[in-house]
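Undergrad:
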Amino acid sequence: MTASSKNLSKTLKESGPAPKLKPLLEETLKRCNGERRRENDPVGMAWAFTHDEDREVVSLFASSLAYGRVDLLRRAIDQVLQPMGDRPAEFLRQVEPSVLGGLWDGFVYRMTRGPDITDLATAIQKTLRIEGSLENLYLKTPDKSRPCRLDRDSPLISSRAEHLARASEFVMTLRDRRRRPEVVRGFRYLLPDPADGSACKRLHLFFRWMARGPDLVDFGIWKNLPPAMLVMPLDTHTARLCRYLGLLERKSIDNKAAIEVSRRLQQFDPRDPLKYDFALCHLGISGRCIHRRSPEHCPNCPIEAACILPQHPVGDPR
Ligand code: SF4
38 MTASSKNLSK TLKESGPAPK LKPLLEETLK RCNGERRREN DPVGMAWAFT
88 HDEDREVVSL FASSLAYGRV DLLRRAIDQV LQPMGDRPAE FLRQVEPSVL
138 GGLWDGFVYR MTRGPDITDL ATAIQKTLRI EGSLENLYLK TPDKSRPCRL
188 DRDSPLISSR AEHLARASEF VMTLRDRRRR PEVVRGFRYL LPDPADGSAC
238 KRLHLFFRWM ARGPDLVDFG IWKNLPPAML VMPLDTHTAR LCRYLGLLER
288 KSIDNKAAIE VSRRLQQFDP RDPLKYDFAL CHLGISGRCI HRRSPEHCPN
338 CPIEAACILP QHPVGDPR
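The letter at position 308 of the sequence shown is residue 345 when you use our numbering, and the numbering goes up by one with no holes.
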């Protein structure tokens with residue numbers, strides 16, 4: 038650990054989230070044009086569909102592939118969606134399982150290959166045929182005897198721990214429904230299991246899209262998962278910003294770190310802590326923050342007043 042990173046960690050321990058952070062986060066949110074930004078985000082791929090069942094299915098494909106450069110990942114998602122046409126959910130319900138075997142021949146996106154997409158499509162197909170929707174699969178686990186009540190005011194999911202348990206079983210069931218006999222690394226990468234302790238950013242992104250909203254970014258299709266229970270989709274970029282804002286003290290970017298940020302954001306909005314995620318994420322993606330104080334970038338930063346990075350230039354505090 039460098040001297041500057043020790044200093045930042047000490048500052049974090051002493052300060053925590055700055056009291057003035059909430060209005061700044063609200064301002065960041067206000068300045069973020071969700072409709073325009075989502076066109077440069079994987080969630081925009083799902084907004085191209087109008088039926089909720091298609092948005093749900095497309096969201097799982099899109100969030101699973103949401104790694105790497107945005108232009109490249111959007112192109113990869115487009116290649117995956119094209120064979121399924123305008124109604125991917127209907128397509129997967131109707132198509133012969135054997136047909137799925139050849140639809141993505143030759144598909145390559147970084148560590149994802151065509152057969153990994155076929156495994157995922159087969160898992161979604163089986164789920165649509167057995168439970169009717171991905172949400173129903175999520176609700177079925179882990180307690181299969183519990184009745185489903187479609188009412189957010191009396192939510193079925195009562196704790197973040199319960200959500201994580203369900204998320205883990207959701208993933209394990211989808212993995213069990215793959216096409217190939219073995220769980221291959223590329224397929225496992227598409228569907229990470231929170232029980233492994235990793236941050237599972239792409240999986241939590243999927244849950245955010247499903248449970249938050251509806252607004253200009255998230256769909257709010259799932260009614261039994263209260264937004265308060267969601268876990269921050271944490272990656273390197275958002276973790277760094279969260280550290281600068283006193284929202285994250287933990288060094289590793291893992292499940293515990295994602296929960297730490299989620300809890301701290303809950304101080305600002307107990308019912309909807311992840312409403313700030315999209316704006317924070319795009320603050321990092323847009324390249325406006327270069328992860329050190331800069332007279333060129335910082336004066337226009339909406340969260341400058343809460344940023345705990347020292348005023349003088351330092352290296353990356355990680
Ligand atoms: S004030 Fe500067 S260093 Fe801090 S988050 Fe904003 S752009 Fe990044």
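All residues carry an ideal CB built from backbone N, CA and C; glycine is no exception. Here the structure is a predicted model, which means the values were calculated and not measured.
Is it buried or exposed for Met-121, if we count other Cβ within 10 angstroms and need 16 for buried?
TA: With 16 or more Cβ atoms within 10 Å of its Cβ, Met-121 is classed as buried.
Undergrad: Can you tell me the Cα-Cα spacing of Gln-303 and Leu-285, whole angstroms?
TA: Gln-303 and Leu-285: Cα-Cα distance of roughly 13 Å.
Undergrad: Could you check whether the Cβ of Val-220 sits closer than 7 Å to any Cβ belonging to chain C?
TA: The chain labelled as chain C is not found in the depicted structure, where only one protein chain is given.
Undergrad: Run through the region 207 to 231 for me and flag every whole alpha helix (DSSP H) of 4 or more residues, listed as ranges in chain order.
TA: Within the region 207 to 231, the complete alpha helix (DSSP H) runs of at least 4 residues are 222 to 227.
Undergrad: Taking just the CA atoms, how far does Asp-213 sit from Arg-166?
TA: When rounded, the distance between both Cα atoms is 15 Å.
Undergrad: Assuming Pro-347 and Arg-330 make a contact with CB atoms under 8 Å, what is their CB distance in whole Å?
TA: Right, the Cβ-Cβ distance comes to about 7 Å (below 8 Å), so this counts as a contact.
Undergrad: In angstroms with no decimal places, state the Cα-to-Cα distance between Met-82 and Arg-301.
TA: C-alpha separation (whole angstroms): 30 Å.
Undergrad: Looking at Leu-242: is its Cβ nearer than 7 Å to the Cβ of Pro-263?
TA: The answer is no: Cβ separation not under 7 Å.
Undergrad: Would you list the one or two residues that DSSP bridges to Val-145?
TA: Val-145 pairs with Arg-150.
Undergrad: Which of the three DSSP states is assigned to Leu-255 in this structure?
TA: Note that residue 255 is Asp in the sequence shown, not Leu. Asp-255: coil per DSSP, three-state reduction.
Undergrad: Where does the unbroken alpha helix (DSSP H) through Lys-293 begin, and where does it stop?
TA: Its alpha helix (DSSP H) spans residues 292 to 303.
Undergrad: Note down the Cα distance separating Pro-79 from Val-107, rounded to an integer number of angstroms.
TA: C-alpha separation (whole angstroms): 7 Å.
Undergrad: Consult DSSP for Leu-170 and reduce its assignment to one of helix, strand or coil.
TA: Reading off the sequence, residue 170 comes out as Ser, not Leu. Ser-170: coil per DSSP, three-state reduction.
Undergrad: Figure out for me which residue from Val-136, Arg-287, Leu-282 has the closest Cα to the Cα of Leu-62.
TA: Measuring from the Cα of Leu-62, the nearest candidate turns out to be Leu-282.
Undergrad: Checking 7 Å against the spacing of the C-beta atoms, do Leu-278 and Phe-244 come in under that value?
TA: No; because the gap between Cβ atoms is not below 7 Å, this pair is not in contact.
Undergrad: Alpha carbon to alpha carbon, how far is Ile-161 from Glu-127? Give it in angstroms, no decimals.
TA: Cα to Cα, the separation comes out at about 11 Å.
Undergrad: Could you round the C-beta distance between Gln-116 and Phe-86 to whole angstroms and report it? I think they count as a contact, below 8 Å.
TA: So it is not a contact: roughly 16 Å between Cβ atoms.
Undergrad: Taking 7 Å as the limit between beta carbons, can you name the residues of its chain near Glu-199, skipping five residues before and five after?
TA: Cβ within range, chain order: n/a, list empty.
Undergrad: Would the C-beta of Cys-318 count as close to the ligand SF4, meaning under 6 Å from any of its heavy atoms?
TA: Because no heavy atom of the ligand SF4 lies under 6 Å away, the Cβ of Cys-318 does not count as near it: no.
Undergrad: Helix or strand or just coil, what does DSSP make of Ser-235?
TA: If DSSP states are grouped into helix, strand and coil, Ser-235 belongs with the strands.
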